[in-house]
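*Asks:* For reference, the structure I am asking about is given below.
In my numbering, the protein residues as written are 9 to 210.
In structure tokens, the structure reads:
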């Protein structure tokens with residue numbers, strides 16, 4: 009029986025973006041199902057002792073940029089460490105990801121393409137054309153995903169539910185990958201440990 013991994017993500021997170029492709033490959037390799045759960049990490053930080061980026065010390069902010077550059081090289085990604093439209097209002101983009109999930113589409117791939125808009129392409133989620141082109145790159149139609157589907161309010165309620173699910177699971181940062189056992193792997197730099205766990209479970 010295939011393992012289902014709960015995938016808690018933020019479209020504004022460079023670490024989510026960096027790990028998305030490798031995570032998809034690991035899941036494919038081990039036949040794992042990915043349960044995409046976008047979550048609001050502002051409230052999660054408030055309840056788990058984290059700080060939003062602007063409130064972190066200068067030392068921590070500088071180290072974050074250093075780590076982004078390091079991992080950009082390791083992952084071989086054309087990431088802009090200080091993109092023009094970060095942070096971007098991701099409410100509409102997150103609704104699109106959740107709508108794709110509800111329709112059985114590849115919400116994981118869509119989330120990667122949306123994140124790529126911010127971190128590679130210097131684009132903003134505020135532009136509907138950006139969401140449309142991101143969906144197209146993922147092989148989806150943004151307008152069709154929203155046509156006749158759940159309302160904004162219904163999708164927002166699911167967004168809130170996933171946030172509460174994250175807190176109940178013990179998640180405190182993005183991305184987090186949670187196994188059915190409850191074991192959490194926080195951060196794209198824990199993907200090798202996640203793969204090890206999947207290999208042991210195979």
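The beta-carbon is built from N, C-alpha and C at its ideal position, and this holds for glycine as well.
Which residue or residues does DSSP assign as beta-bridge partners of residue 20?
*Replies:* Residue 20 pairs with nothing; no bridge assigned.
*Asks:* Do you know how far the Cα of residue 132 is from the Cα of residue 96?
*Replies:* 6 Å
*Asks:* Assuming contact is defined by CB atoms lying nearer than 7 Å, are residue 116 and residue 32 in contact in what I supplied?
*Replies:* yes
*Asks:* According to the neighbour-count rule (16 or more other Cβ atoms, all chains shown, within 10 Å of its Cβ), is residue 201 buried or exposed?
*Replies:* With a threshold of 16 other beta carbon atoms within 10 Å, residue 201 falls short and is exposed.
*Asks:* How long is the line joining the alpha carbons of residue 196 and residue 25, rounded to whole angstroms?
*Replies:* 9 Å
*Asks:* Could you check what DSSP says for residue 180 in three-state terms: helix, strand or coil?
*Replies:* coil
*Asks:* From the DSSP output, which residues share a beta bridge with residue 194?
*Replies:* Its beta-bridge partners are 184.
*Asks:* In whole angstroms, what is the alpha-carbon distance linking residue 145 and residue 176?
*Replies:* 34 Å
*Asks:* Please report the distance separating the alpha-carbon of residue 119 from that of residue 36.
*Replies:* The straight-line gap from Cα to Cα measures roughly 17 Å.
*Asks:* Could you check what DSSP says for residue 92 in three-state terms: helix, strand or coil?
*Replies:* In the three-state reduction of the DSSP assignment, residue 92 falls in the coil class.
*Asks:* Which ranges does the beta strand (DSSP E) cover as unbroken runs of at least 3 residues, wholly within the region 52 to 102, from first to last along the chain?
*Replies:* none
*Asks:* Relative to the C-alpha of residue 157, which candidate in 135, 104, 14, 57 has its C-alpha closest?
*Replies:* 104
*Asks:* Residue 107 and residue 153 - do their beta-carbons sit closer together than 7 Å?
*Replies:* Remark: C-beta atoms of residue 153 and residue 107 approach each other more closely than 7 Å.
*Asks:* Counting Cβ pairs closer than 8 Å, one from the region 39 to 53 and one from the region 173 to 191, do we hit at least three?
*Replies:* yes
*Asks:* State buried or exposed for residue 65, treating a residue as buried only when at least 16 other CB atoms are found within 10 Å of its CB.
*Replies:* exposed
*Asks:* Touch check for the region 62 to 77 and the region 181 to 195: three-plus C-beta pairs under 8 Å?
*Replies:* no
*Asks:* May I ask which residues mark the beginning and end of the alpha helix (DSSP H) holding residue 144?
*Replies:* 136 to 145
*Asks:* Rounded to whole angstroms, what's the CA-CA distance from residue 49 to residue 18? Just pull it up for me.
*Replies:* 7 Å
*Asks:* Residue 76 and residue 30 look like a contact to me (Cβ under 8 Å); what is the Cβ gap, rounded to whole Å?
*Replies:* The pair is not a contact, with the Cβ atoms about 16 Å apart (cut-off 8 Å).
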